[in-house]
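Visitor:
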Amino acid sequence: MDILLLGPPGAGKGTQGVLIAERLGIPKVATGDLLREAVKNGTPLGLEAKAVMESGALVSDDLIMRIVGEELSKPAAANGVVFDGVVRTIPQAEGVAALLATLGRKIDRVLFFDVTDEEILERIEKRRTVEGRADDDPAAVQRRLRAYREQTAPVLDWYEARGGVTRIHAIGTVEAVADRAREALGR
Ligand code: AMP
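Written as structure tokens, this is what we have:
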């Protein structure tokens, strides 16, 4: 089963994605985590992405598709994955659909994590004090929210036009939101 998590930064995709992936026994493809790892290790990919990520803008679709292609080619990904933080643009939606099609697969379900802007700002501020992410500083957060509104929000319409989207009320405890996600997936 291939599942895609959509929603603004700070909506809880990362936290819920781990729980879903563990429950279904499939890996999570989290482009943000993979990029941060590449930056930390100073790989060519990390060097390419670092400044853009820290500014709060989106890295190029081309770079993201390279990462996704590599992840999907791993044996562990053969029975499906949980996409977290990717797809963020329409070209990425098309690119992921094309990649999955070569494997005879498609996105089976999109979970859209619905939260208010106030809740997002509160959560990101909390995360900044805990994780110290460079792109959680106020200027970068504004940039990320703008990138979300301008480039990622249209992705929800793209998937809704194709069916298979469930909106999850993503405010409440981690357990409460996890229950809603489980219900949406039927497992
Ligand atoms: P995240 O941890 O998902 O919030 O991602 C952190 C940052 O990595 C984003 O603000 C972007 O700069 C970059 N990034 C992660 N995933 C993508 C993606 N699918 N498309 C473009 N940029 C991405």
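Residue numbers for the sequence shown follow this note's numbering, beginning at -15 and rising by one.
Virtual Cβ for every residue (Gly too), placed ideally from N, Cα, C.
Can you grab the Cα-Cα spacing for the pair Arg50 / Asp68, in whole Å?
Guide: The residue labelled residue 50 in the question sits at position 66 within the sequence shown. The residue labelled residue 68 in the question sits at position 84 within the sequence shown. Cα-Cα distance, rounded: 16 angstroms.
Visitor: Could you check the C-alpha separation between Glu109 and Glu115 for me, to the nearest Å?
Guide: Position 125 of the sequence shown, counted from the first residue, corresponds to residue 109. Position 131 of the sequence shown, counted from the first residue, corresponds to residue 115. Glu109 and Glu115: Cα-Cα distance of roughly 10 angstroms.
Visitor: Note down, in chain order, each residue of its chain lying with its Cβ closer than 8 angstroms to the Cβ of Ala131, except the 5 sequence neighbours on either side.
Guide: Here residue 131 corresponds to residue number 147 of the sequence shown, with the count starting at 1. Excluding sequence neighbours, Ala131 sits near Gly40, Ala41, Leu42, Arg72.
Visitor: Tell me whether Asp101, by its Cβ, gets closer than 7 angstroms to a heavy atom of the ligand AMP.
Guide: As a position in the sequence shown, residue 101 is number 117, starting the count at 1. Not so, every heavy atom of the ligand AMP lies at least 7 angstroms from the Cβ.
Visitor: Taking the alpha-carbon of Val36 as reference, which of Val158, Leu169, Asp119, Arg133 has the nearest alpha-carbon?
Guide: The count along the sequence shown starts at 1 and reaches residue 36 at position 52. Of the listed residues, the one whose Cα sits closest to Val36 is Asp119.
Visitor: Using 10 angstroms around the beta-carbon of Leu31, count the other beta-carbons present and answer buried if the total reaches 16, otherwise exposed.
Guide: In the sequence shown, the residue the question calls residue 31 occupies position 47. Counting Cβ neighbours within 10 Å, Leu31 comes out exposed, since fewer than 16 surround it.
Visitor: Taking C-beta to C-beta, are Leu8 and Phe97 nearer than 8 angstroms?
Guide: Residue mapping note: residue 8 aligns to position 24 of the sequence shown, counting from 1. Residue mapping note: residue 97 aligns to position 113 of the sequence shown, counting from 1. Result no, Cβ atoms of Leu8 and Phe97 do not sit closer than 8 angstroms.
Visitor: Could you name the residues of the same chain whose beta carbon sits closer than 7 angstroms to that of Val161, not counting the 5 residues immediately before and after it, in chain order?
Guide: Reading the sequence shown from its first residue, position 177 is the one you call residue 161. Same-chain partners within the cutoff: Gly(-4), Gln0, Ile152, Ala154.
Visitor: Do Pro(-7) and the ligand AMP come close, with the Cβ less than 7 angstroms from some heavy atom?
Guide: One-based indexing of the sequence shown puts residue -7 at position 9. Flag set: Cβ of Pro(-7) near the ligand AMP.
Visitor: If you scan the stretch 98 to 165 from start to end, which runs of the beta strand (DSSP E) of 3 or more residues do you find wholly inside it?
Guide: Correct list: 149 to 153.
Visitor: Closer than 7 angstroms: is that where the CB of Asp119 sits relative to any heavy atom of the ligand AMP?
Guide: By 1-based counting over the sequence shown, the position of residue 119 is 135. Correct: Asp119 has its Cβ closer than 7 angstroms to the ligand AMP.
Visitor: Comparing alpha-carbon positions, which option in Val149, Gln135, Ala137, Leu105 lies nearest Gln126?
Guide: Position 142 of the sequence shown, counting from 1, holds the residue named residue 126. Considering only alpha carbons, the answer is Leu105.
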